Amino acid sequence: MSIMHDTGGLLPRDAAMNRPASAEEQRAIAAAVEKGLDEGGLGMGMGITYTPTASSEEILNLFYLAAKFKRPVFVHAREGGNAIQTLQEVIANAAASGAPLHIVHINSIAMDKTAEALRMIDGTRARGLDVTMEAYPYTAGMTEIASAMYSNWESRPAEYFARFLWPPTGERLTRESFERYRKQGGFVAEFRNTEDMVRLAISHPGVMIATDGILQHPRSSGTYARVLGKYAREEKALTFMDAIRKSSLLPAQRLEAMSPQMRQKGRFESGCRRRHLRLRPQQRHRQGYLRKSQAVFRRLSLRDGRRNLCRPRGQVAGRRCAWPRNSRSMNAIRSIVLPNS
Ligand SMILES: [Zn+2]
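In our numbering, the protein residues as written are 1 to 341.
Here it is as structure tokens:
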């Protein structure tokens, strides 16, 4: 974004979103990415859906660059269009370049084509390509309202806008309020997955569990508790062992080719660097969603004698565990994102 002088923050919102990079800019972008990989970057993050003017050739060239360093491309593939074509694009780039591929939020990309998407990735892996995927356990996603994800908002019918929730006020949007907030900028929640799509992705043995943390979304703090509590314990969509494997071992294995430390994480083996977790899965509780998450977190206590895995406003592995319990935005989104939880 800095090379193209885009004024966006986390995501492009003007130059890098609305125009293709010149040949000179493409060279500068590739050089910056190469420098990062050369310095030990674990992979290349690519948000194709946020840079729709990037050409297929530019994207493929970056896959070749990742392949040169044997690093995965962690890709936010194109969203909102033809999910099959979207996946074909990145799978073909991985096959042609030899770069490992990690597809983020497979259910958000595929939506009602989630079953077909999982079949495509299974088939790709069965034929020897290094392709992995993840999902988070919520029917709502969240992204920047001013991003390229919604470039075609003006052609949408009026009923389309009701799927959006504006966290600061908790309101569902209309065409008018969407336009107003798009000019203003900020993160918006979008309800476009169904429970069936989420359950299908979460229970698939090859799908890792990921948070894609954005602090205004409950997924930042509630993801693992929700998978263990709702999908494993209550709905039995997957076993506890699978839920834990998909949250720990699979992500570590994804990274271990680039990071030798990861060969000692996410598993119990002699000599491994690990934190022991204690879980009493059958203990029931009647609190609402937030307290339910906290109750599960509390049970996942660390045995290092110093701190819990995650306390509200506590720390996770040395990082702040943000859970804005009292914020209006959190209350607003919680009440609508998870009405039955
Ligand atoms: Zn994401």
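All C-beta atoms, glycine included, are put in the ideal place defined by N, C-alpha and C. Everything numeric in this text was worked out from a predicted model, so none of it was measured.
Would you give the residue range spanned by the alpha helix (DSSP H) that residue i belongs to?
i, result
"Gly98", "Note, Gly98: premise wrong, no alpha helix (DSSP H); not H, not E."
"Ala32", "23–38"
"Ala135", "Here Ala135 belongs to no alpha helix (DSSP H); instead the beta strand (DSSP E) covers 131–135."
"Met197", "195–203"
"Gly47", "Careful: Gly47 lies outside any alpha helix (DSSP H), inside the beta strand (DSSP E) at 44–47."
How would you write the range of the beta strand (DSSP E) that residue i sits in, first residue to last?
i, result
"Phe69", "Looking at the DSSP string, Phe69 is not in any beta strand (DSSP E), and its letter there is neither H nor E."
"Leu118", "Premise fails: Leu118 lies in the alpha helix (DSSP H), 114–126, not in any beta strand (DSSP E)."
"Ala140", "140–144"
"Glu190", "187–191"
"Phe74", "73–76"
"Phe164", "164–166"
Go ahead and label residue i buried or exposed: buried means 16 or more other beta carbons lie within 10 angstroms of its beta carbon, across all protein chains shown.
i, result
"Pro218", "buried"
"Leu10", "exposed"
"Pro343", "The structure shown does not extend to residue 343, since the chain spans only 1 to 341, so no value can be given for it."
Please report how far the alpha carbon of residue i lies from the alpha carbon of residue j, in whole angstroms.
i, j, result
"Thr194", "Tyr136", "13 Å"
"Leu228", "Lys246", "11 Å"
"Ile48", "Thr86", "10 Å"
"His204", "Gln26", "37 Å"
"Met197", "Leu129", "25 Å"
"Glu34", "Leu42", "12 Å"
"Ala419", "Thr169", "Given a span of 1 to 341 for the chain in the structure shown, any question on residue 419 remains unanswerable."
"Asp38", "Met1", "20 Å"
"Phe69", "Phe161", "42 Å"
"Arg182", "Ile214", "18 Å"
"Ile209", "Tyr150", "26 Å"
Would residue i and residue j qualify as a contact pair, given that the criterion is a beta-carbon distance under 8 Å?
i, j, result
"Leu62", "Met44", "yes"
"Ala77", "Ile121", "no"
"Pro20", "Ala54", "yes"
"Ala32", "Ala67", "no"
"Ala252", "Arg267", "yes"
"Phe191", "Arg156", "no"
"Thr51", "Ala148", "yes"
"Val75", "Met142", "no"
"Arg172", "Leu165", "yes"
"Gln216", "Pro167", "yes"
Among the options, which residue has its Cα nearest to the Cα of residue i?
i, options, result
"Gly184", "Met142, Glu176, Ala146", "The question names Gly, but residue 184 is Gln in the sequence shown. Of the listed residues, the one whose Cα sits closest to Gln184 is Ala146."
"Ala237", "Ile202, Gln261, Met258", "Ile202"
"Ala83", "Ala99, Ala54, Ala67, Leu118", "Leu118"
"Glu235", "Ile209, Leu200, Ala92", "Leu200"
"Asn152", "Leu249, Thr7, Gly80, Ala16", "Gly80"
"Val104", "Met262, Val90, Asp112", "Val90"
"Leu65", "Trp166, Gln88, Ala96, Glu24", "Ala96"
Between residue i and chain D, is any beta-carbon pair separated by less than 8 Å?
i, result
"Glu89", "The chain labelled as chain D is not found in the depicted structure, where only one protein chain is given."
Can you determine whether any heavy atom of ligand 2 sits closer than 7 Å to the C-beta of residue i, and answer yes or no?
i, result
"His76", "The model depicted lacks ligand 2 and carries ligand 1 instead."
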